[in-house]
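Quick note on this note's numbering: the sequence shown kicks off at 1 and runs consecutively.
Glycine residues also receive a C-beta, built at the ideal position from the N, C-alpha and C atoms.
For reference, the structure discussed in these notes is given below.
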Amino acid sequence: MPGEDFAEAVRTVLGEVPDLPFLPELPARGAPASMTGRTLAVVAELGFDLQPAGWRLTDASGVDHRRARSLLAQDLDVLEEQTQGYEGELKVQVAGPWTLAATVERPRGDRLLADVGARRELAQALAEGLGEHLADVRRRVPGARLVLQVDEPALPAVLAAQVPTSSGFGRHRSVDLPRASAALEPVFAAIEASGASSVAHCCAAGMPIGLLRGAGAQGISLDLDVLAAEDYDALGTAFDEEARIYLGVIPATDPARVPTDQQVVERVLRLLDMLGFDPEEVSDRIVLTPSCGLAGASPGYARRALSLVRESALRLGAG
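Printed below as a string of C-alpha coordinates:
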(Lines of atoms letter the chains of each structure in order from A and count residues from 1; the text may use other names and numbers.)
(Lines give C-alpha, C1' and ligand atoms only; values in the text may rest on other atoms or scores of the structure.)
Protein backbone atom coordinates (compact mmCIF):
# COMPACT_ATOMS: atom_id res chain seq x y z
CA MET A 1 0.00 0.00 0.00
CA PRO A 2 1.18 3.60 -0.58
CA GLY A 3 2.00 6.10 2.14
CA GLU A 4 3.53 5.83 5.60
CA ASP A 5 0.47 5.77 7.88
CA PHE A 6 0.05 2.11 8.77
CA ALA A 7 -3.07 2.57 10.89
CA GLU A 8 -4.81 4.35 8.03
CA ALA A 9 -3.77 1.59 5.63
CA VAL A 10 -5.32 -1.03 7.92
CA ARG A 11 -8.54 0.98 8.16
CA THR A 12 -8.64 1.24 4.37
CA VAL A 13 -8.13 -2.50 3.93
CA LEU A 14 -10.76 -3.43 6.50
CA GLY A 15 -13.21 -0.99 4.95
CA GLU A 16 -12.70 -1.80 1.28
CA VAL A 17 -12.04 -5.57 1.30
CA PRO A 18 -13.70 -6.85 4.50
CA ASP A 19 -14.09 -10.36 3.05
CA LEU A 20 -10.33 -10.87 2.65
CA PRO A 21 -8.41 -8.16 4.55
CA PHE A 22 -4.64 -8.30 4.67
CA LEU A 23 -1.69 -7.08 6.70
CA PRO A 24 -0.45 -4.12 4.63
CA GLU A 25 3.15 -3.48 3.61
CA LEU A 26 4.15 0.18 3.34
CA PRO A 27 7.61 0.26 1.67
CA ALA A 28 7.56 4.08 1.61
CA ARG A 29 8.65 3.86 5.25
CA GLY A 30 12.05 2.56 4.17
CA ALA A 31 13.94 -0.70 3.63
CA PRO A 32 12.89 -2.31 6.95
CA ALA A 33 9.27 -2.00 5.77
CA SER A 34 9.91 -3.30 2.24
CA MET A 35 8.95 -6.76 1.05
CA THR A 36 12.48 -8.02 1.73
CA GLY A 37 12.90 -6.25 5.06
CA ARG A 38 9.49 -7.42 6.21
CA THR A 39 10.34 -11.02 5.44
CA LEU A 40 13.80 -10.91 7.02
CA ALA A 41 12.04 -9.79 10.19
CA VAL A 42 10.26 -13.16 10.15
CA VAL A 43 13.27 -15.36 9.30
CA ALA A 44 14.41 -17.31 12.35
CA GLU A 45 17.95 -17.42 13.79
CA LEU A 46 19.84 -15.73 10.92
CA GLY A 47 21.15 -12.18 11.14
CA PHE A 48 21.08 -9.50 8.45
CA ASP A 49 22.20 -5.93 8.00
CA LEU A 50 21.46 -3.21 5.48
CA GLN A 51 24.38 -2.19 3.29
CA PRO A 52 24.51 0.42 0.49
CA ALA A 53 23.97 -2.41 -2.00
CA GLY A 54 21.01 -3.81 -0.03
CA TRP A 55 20.41 -6.47 2.60
CA ARG A 56 23.30 -8.79 3.52
CA LEU A 57 23.55 -11.96 5.60
CA THR A 58 25.66 -11.33 8.73
CA ASP A 59 26.70 -13.10 11.91
CA ALA A 60 24.37 -10.98 14.02
CA SER A 61 21.38 -8.74 13.39
CA GLY A 62 22.31 -5.18 12.48
CA VAL A 63 20.38 -2.10 13.53
CA ASP A 64 18.15 -2.13 10.44
CA HIS A 65 17.28 -5.80 10.91
CA ARG A 66 16.33 -5.11 14.52
CA ARG A 67 14.29 -2.15 13.32
CA ALA A 68 12.47 -4.36 10.80
CA ARG A 69 11.49 -6.77 13.57
CA SER A 70 10.39 -3.94 15.83
CA LEU A 71 8.35 -2.35 13.05
CA LEU A 72 6.60 -5.63 12.29
CA ALA A 73 5.72 -6.09 15.97
CA GLN A 74 4.35 -2.54 16.13
CA ASP A 75 2.28 -3.10 12.99
CA LEU A 76 0.86 -6.31 14.42
CA ASP A 77 -0.12 -4.35 17.53
CA VAL A 78 -2.10 -1.96 15.32
CA LEU A 79 -3.68 -4.83 13.40
CA GLU A 80 -4.69 -6.52 16.66
CA GLU A 81 -6.27 -3.31 17.92
CA GLN A 82 -8.27 -2.70 14.75
CA THR A 83 -9.47 -6.28 14.25
CA GLN A 84 -11.01 -6.85 17.66
CA GLY A 85 -13.80 -9.41 17.26
CA TYR A 86 -12.95 -10.07 13.61
CA GLU A 87 -13.81 -13.50 12.24
CA GLY A 88 -12.96 -14.57 8.72
CA GLU A 89 -10.01 -14.88 6.40
CA LEU A 90 -6.95 -12.70 6.94
CA LYS A 91 -4.02 -12.64 4.53
CA VAL A 92 -0.40 -12.04 5.45
CA GLN A 93 2.53 -12.27 3.07
CA VAL A 94 6.27 -12.89 2.85
CA ALA A 95 8.85 -13.00 0.09
CA GLY A 96 9.64 -16.54 -0.98
CA PRO A 97 13.04 -18.25 -0.60
CA TRP A 98 14.11 -17.72 -4.22
CA THR A 99 13.24 -14.04 -4.28
CA LEU A 100 15.18 -13.62 -1.04
CA ALA A 101 18.14 -15.57 -2.45
CA ALA A 102 18.14 -13.35 -5.54
CA THR A 103 17.94 -10.18 -3.45
CA VAL A 104 20.03 -10.69 -0.30
CA GLU A 105 23.85 -10.73 -0.44
CA ARG A 106 26.29 -13.20 1.10
CA PRO A 107 28.70 -11.89 3.78
CA ARG A 108 31.50 -11.62 1.19
CA GLY A 109 29.38 -10.17 -1.57
CA ASP A 110 27.18 -11.34 -4.42
CA ARG A 111 23.77 -12.87 -3.98
CA LEU A 112 22.92 -15.82 -1.76
CA LEU A 113 21.71 -17.38 -4.98
CA ALA A 114 25.35 -18.24 -5.75
CA ASP A 115 25.75 -20.34 -2.59
CA VAL A 116 23.85 -23.64 -2.51
CA GLY A 117 24.37 -24.13 1.23
CA ALA A 118 23.41 -20.56 2.15
CA ARG A 119 20.21 -20.58 0.13
CA ARG A 120 19.21 -23.94 1.66
CA GLU A 121 19.81 -22.53 5.14
CA LEU A 122 17.79 -19.44 4.26
CA ALA A 123 14.80 -21.50 3.07
CA GLN A 124 14.85 -23.58 6.26
CA ALA A 125 15.14 -20.49 8.48
CA LEU A 126 12.23 -18.88 6.63
CA ALA A 127 10.09 -21.98 7.12
CA GLU A 128 10.89 -22.06 10.84
CA GLY A 129 10.19 -18.36 11.26
CA LEU A 130 6.86 -18.63 9.45
CA GLY A 131 5.54 -21.06 12.03
CA GLU A 132 6.31 -18.59 14.80
CA HIS A 133 4.95 -15.63 12.82
CA LEU A 134 1.65 -17.31 12.00
CA ALA A 135 1.23 -18.39 15.62
CA ASP A 136 1.75 -14.76 16.68
CA VAL A 137 -0.81 -13.45 14.19
CA ARG A 138 -3.33 -16.12 15.25
CA ARG A 139 -2.85 -15.18 18.90
CA ARG A 140 -3.52 -11.54 18.08
CA VAL A 141 -6.52 -12.20 15.80
CA PRO A 142 -7.94 -15.45 17.18
CA GLY A 143 -11.00 -15.41 14.93
CA ALA A 144 -8.94 -15.28 11.74
CA ARG A 145 -8.51 -18.06 9.21
CA LEU A 146 -5.03 -17.27 8.00
CA VAL A 147 -3.91 -17.18 4.38
CA LEU A 148 -0.20 -16.77 3.76
CA GLN A 149 0.91 -15.40 0.41
CA VAL A 150 4.42 -16.34 -0.70
CA ASP A 151 5.68 -13.67 -3.10
CA GLU A 152 8.11 -15.00 -5.71
CA PRO A 153 8.53 -12.23 -8.32
CA ALA A 154 12.16 -13.26 -8.96
CA LEU A 155 11.51 -16.98 -9.45
CA PRO A 156 11.13 -16.90 -13.26
CA ALA A 157 14.44 -15.01 -13.52
CA VAL A 158 16.12 -17.53 -11.19
CA LEU A 159 14.97 -20.44 -13.36
CA ALA A 160 16.00 -18.70 -16.57
CA ALA A 161 19.47 -17.57 -15.40
CA GLN A 162 18.45 -13.92 -15.66
CA VAL A 163 19.52 -12.72 -12.20
CA PRO A 164 22.55 -10.44 -12.65
CA THR A 165 25.69 -10.86 -10.56
CA SER A 166 26.73 -7.99 -8.32
CA SER A 167 29.20 -6.76 -10.95
CA GLY A 168 26.42 -6.54 -13.49
CA PHE A 169 28.59 -8.23 -16.12
CA GLY A 170 27.27 -11.76 -15.68
CA ARG A 171 24.25 -13.81 -14.72
CA HIS A 172 23.81 -16.38 -12.00
CA ARG A 173 23.41 -19.94 -13.16
CA SER A 174 19.91 -21.25 -13.59
CA VAL A 175 18.42 -23.44 -10.88
CA ASP A 176 16.87 -26.70 -12.05
CA LEU A 177 13.29 -27.57 -11.13
CA PRO A 178 14.05 -30.22 -8.47
CA ARG A 179 16.32 -27.83 -6.56
CA ALA A 180 13.85 -25.00 -6.96
CA SER A 181 11.11 -27.20 -5.53
CA ALA A 182 13.32 -28.40 -2.66
CA ALA A 183 13.64 -24.84 -1.32
CA LEU A 184 9.93 -24.13 -1.67
CA GLU A 185 8.62 -27.35 -0.12
CA PRO A 186 9.58 -26.65 3.53
CA VAL A 187 8.03 -23.18 3.30
CA PHE A 188 4.66 -24.46 2.09
CA ALA A 189 4.85 -27.39 4.51
CA ALA A 190 5.36 -24.98 7.43
CA ILE A 191 2.32 -22.97 6.34
CA GLU A 192 0.17 -26.09 6.16
CA ALA A 193 1.48 -27.36 9.51
CA SER A 194 0.47 -24.06 11.11
CA GLY A 195 -3.12 -24.53 9.96
CA ALA A 196 -2.99 -21.68 7.43
CA SER A 197 -3.68 -21.94 3.71
CA SER A 198 -1.03 -20.92 1.18
CA VAL A 199 -1.02 -19.02 -2.07
CA ALA A 200 2.01 -18.46 -4.32
CA HIS A 201 2.10 -15.06 -6.00
CA CYS A 202 4.18 -13.93 -8.98
CA CYS A 203 3.41 -10.87 -11.09
CA ALA A 204 6.31 -11.51 -13.49
CA ALA A 205 5.96 -13.26 -16.83
CA GLY A 206 6.70 -16.96 -16.89
CA MET A 207 5.26 -17.90 -13.50
CA PRO A 208 6.03 -21.64 -13.01
CA ILE A 209 2.54 -22.63 -11.92
CA GLY A 210 3.20 -26.37 -12.02
CA LEU A 211 6.40 -26.05 -9.97
CA LEU A 212 4.71 -24.00 -7.27
CA ARG A 213 1.69 -26.27 -7.07
CA GLY A 214 3.93 -29.34 -6.94
CA ALA A 215 5.93 -27.79 -4.10
CA GLY A 216 2.77 -27.42 -2.02
CA ALA A 217 1.12 -24.11 -2.89
CA GLN A 218 -2.63 -24.49 -2.37
CA GLY A 219 -3.45 -21.39 -4.39
CA ILE A 220 -1.95 -19.45 -7.29
CA SER A 221 -1.92 -15.66 -7.74
CA LEU A 222 -0.90 -14.19 -11.10
CA ASP A 223 -1.19 -11.10 -13.27
CA LEU A 224 -3.43 -11.60 -16.31
CA ASP A 225 -1.49 -8.95 -18.25
CA VAL A 226 1.61 -11.17 -18.42
CA LEU A 227 -0.17 -14.48 -18.90
CA ALA A 228 1.13 -16.15 -22.09
CA ALA A 229 -0.48 -18.78 -24.26
CA GLU A 230 1.87 -21.44 -22.92
CA ASP A 231 0.62 -20.72 -19.38
CA TYR A 232 -2.98 -21.69 -20.11
CA ASP A 233 -2.49 -25.44 -19.72
CA ALA A 234 -0.90 -25.08 -16.29
CA LEU A 235 -3.59 -22.63 -15.18
CA GLY A 236 -6.28 -24.96 -16.47
CA THR A 237 -4.73 -27.84 -14.55
CA ALA A 238 -4.80 -25.74 -11.38
CA PHE A 239 -8.50 -25.10 -11.95
CA ASP A 240 -9.05 -28.83 -12.52
CA GLU A 241 -7.30 -29.59 -9.25
CA GLU A 242 -9.68 -27.19 -7.47
CA ALA A 243 -6.93 -24.80 -6.46
CA ARG A 244 -7.88 -21.32 -5.38
CA ILE A 245 -6.97 -18.91 -8.17
CA TYR A 246 -6.17 -15.25 -7.52
CA LEU A 247 -6.46 -13.29 -10.77
CA GLY A 248 -4.72 -9.92 -11.03
CA VAL A 249 -7.20 -7.94 -13.10
CA ILE A 250 -6.88 -4.35 -11.86
CA PRO A 251 -3.89 -2.09 -12.73
CA ALA A 252 -1.51 -1.73 -9.80
CA THR A 253 -0.73 1.92 -10.56
CA ASP A 254 -3.02 4.78 -11.56
CA PRO A 255 -4.28 4.04 -15.11
CA ALA A 256 -5.36 6.62 -17.66
CA ARG A 257 -8.86 5.16 -17.37
CA VAL A 258 -10.08 3.02 -14.48
CA PRO A 259 -12.03 0.00 -15.74
CA THR A 260 -15.59 -0.61 -14.61
CA ASP A 261 -16.60 -3.69 -12.66
CA GLN A 262 -18.46 -4.90 -15.74
CA GLN A 263 -15.30 -4.64 -17.86
CA VAL A 264 -13.33 -6.54 -15.21
CA VAL A 265 -15.89 -9.33 -15.07
CA GLU A 266 -16.05 -9.59 -18.85
CA ARG A 267 -12.29 -10.03 -18.92
CA VAL A 268 -12.46 -12.87 -16.40
CA LEU A 269 -15.31 -14.53 -18.30
CA ARG A 270 -13.27 -14.42 -21.52
CA LEU A 271 -10.42 -16.19 -19.74
CA LEU A 272 -12.71 -18.88 -18.35
CA ASP A 273 -14.25 -19.40 -21.77
CA MET A 274 -10.80 -19.77 -23.31
CA LEU A 275 -9.87 -22.34 -20.64
CA GLY A 276 -13.19 -24.17 -21.07
CA PHE A 277 -14.64 -23.65 -17.59
CA ASP A 278 -18.20 -22.78 -16.60
CA PRO A 279 -18.13 -19.62 -14.44
CA GLU A 280 -20.81 -21.02 -12.15
CA GLU A 281 -18.66 -24.05 -11.37
CA VAL A 282 -15.40 -22.23 -10.56
CA SER A 283 -16.35 -18.71 -9.46
CA ASP A 284 -16.32 -19.69 -5.77
CA ARG A 285 -12.60 -20.50 -6.09
CA ILE A 286 -11.65 -17.26 -7.86
CA VAL A 287 -10.34 -14.22 -6.00
CA LEU A 288 -9.99 -10.97 -7.94
CA THR A 289 -7.01 -8.79 -7.05
CA PRO A 290 -4.89 -5.90 -8.31
CA SER A 291 -2.23 -7.12 -10.75
CA CYS A 292 0.52 -6.55 -8.16
CA GLY A 293 1.21 -4.48 -5.06
CA LEU A 294 -0.33 -0.99 -4.85
CA ALA A 295 2.69 0.76 -3.29
CA GLY A 296 3.29 2.77 -6.47
CA ALA A 297 -0.30 3.98 -6.71
CA SER A 298 -1.77 7.20 -5.38
CA PRO A 299 -3.68 6.78 -2.10
CA GLY A 300 -6.95 7.58 -3.82
CA TYR A 301 -6.44 5.05 -6.57
CA ALA A 302 -5.26 2.37 -4.13
CA ARG A 303 -8.53 2.73 -2.26
CA ARG A 304 -10.50 2.65 -5.52
CA ALA A 305 -8.62 -0.44 -6.76
CA LEU A 306 -9.54 -2.36 -3.61
CA SER A 307 -13.18 -1.36 -3.83
CA LEU A 308 -13.23 -2.24 -7.52
CA VAL A 309 -11.97 -5.78 -7.00
CA ARG A 310 -14.65 -6.31 -4.39
CA GLU A 311 -17.41 -4.89 -6.61
CA SER A 312 -16.18 -7.02 -9.52
CA ALA A 313 -16.00 -10.16 -7.38
CA LEU A 314 -19.56 -9.62 -6.16
CA ARG A 315 -20.72 -9.21 -9.75
CA LEU A 316 -18.87 -12.34 -10.80
CA GLY A 317 -20.08 -14.26 -7.77
CA ALA A 318 -16.51 -14.97 -6.65
CA GLY A 319 -17.20 -13.95 -3.05
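Check                                                                                                                              : Outcome
Contact set for L72: own chain, Cβ-Cβ below 8 angstroms, skip 5 residues either direction                                          : R38, A41 and V42
Extent of the continuous alpha helix (DSSP H) run through G47                                                                      : G47 -> not in any alpha helix (DSSP H); beta strand (DSSP E) instead, spanning G47 to Q51.
Under the three-state DSSP convention, the category L20 falls into                                                                 : coil
A135, enclosing alpha helix (DSSP H) - first and last residue                                                                      : V116 to R140
Strand pairing of Q149, partner residues [DSSP]                                                                                    : Q93 and V199
heavy atom of the ligand ADP below 7 angstroms from Y86 C-beta                                                                     : The model on display carries no ligand, and the ligand ADP is accordingly not part of it.
Classification of V249 by the beta-carbon crowding that lies within 10 angstroms, buried from 16 upward                            : buried
Contact under 8 angstroms by Cβ, L14 with P24                                                                                      : no
C-alpha gap between V258 and V264, whole angstroms                                                                                 : 10 angstroms
Beta-carbon contacts of M207 that lie in its chain and below 6 angstroms, excluding the five residues immediately before and after : L222
Counted within 10 angstroms of its Cβ, other Cβ atoms place F169 as buried (16 or more) or exposed                                 : exposed
Same chain, Cβ closer than 6 angstroms to A64, five either side skipped, listed in chain order                                     : Inspection of the sequence shows that residue 64 is occupied by Asp rather than by Ala. P32 and L50.
Cross-strand partners of A160 (DSSP beta bridge)                                                                                   : Answer is none; A160 lacks a bridge partner.
Whole-angstrom distance between I191 and V17, CA atom to CA atom                                                                   : 23 angstroms
8 angstroms Cβ cutoff met for L308 and D254                                                                                        : no
Nearest candidate by alpha-carbon position, reference A230, set L275, Q84, G214 and A154                                           : Per the sequence shown, residue 230 should be read as Glu rather than Ala. Selected option, being the one with the closest Cα: L275.
Per DSSP, cross-strand counterpart(s) of L222                                                                                      : C202 and L247
Per-residue DSSP class, three states only, for P27                                                                                 : helix
Three-way DSSP call (helix, strand, coil) for V104 in this model                                                                   : coil
A44 versus G300 - alpha carbon distance                                                                                            : 37 angstroms
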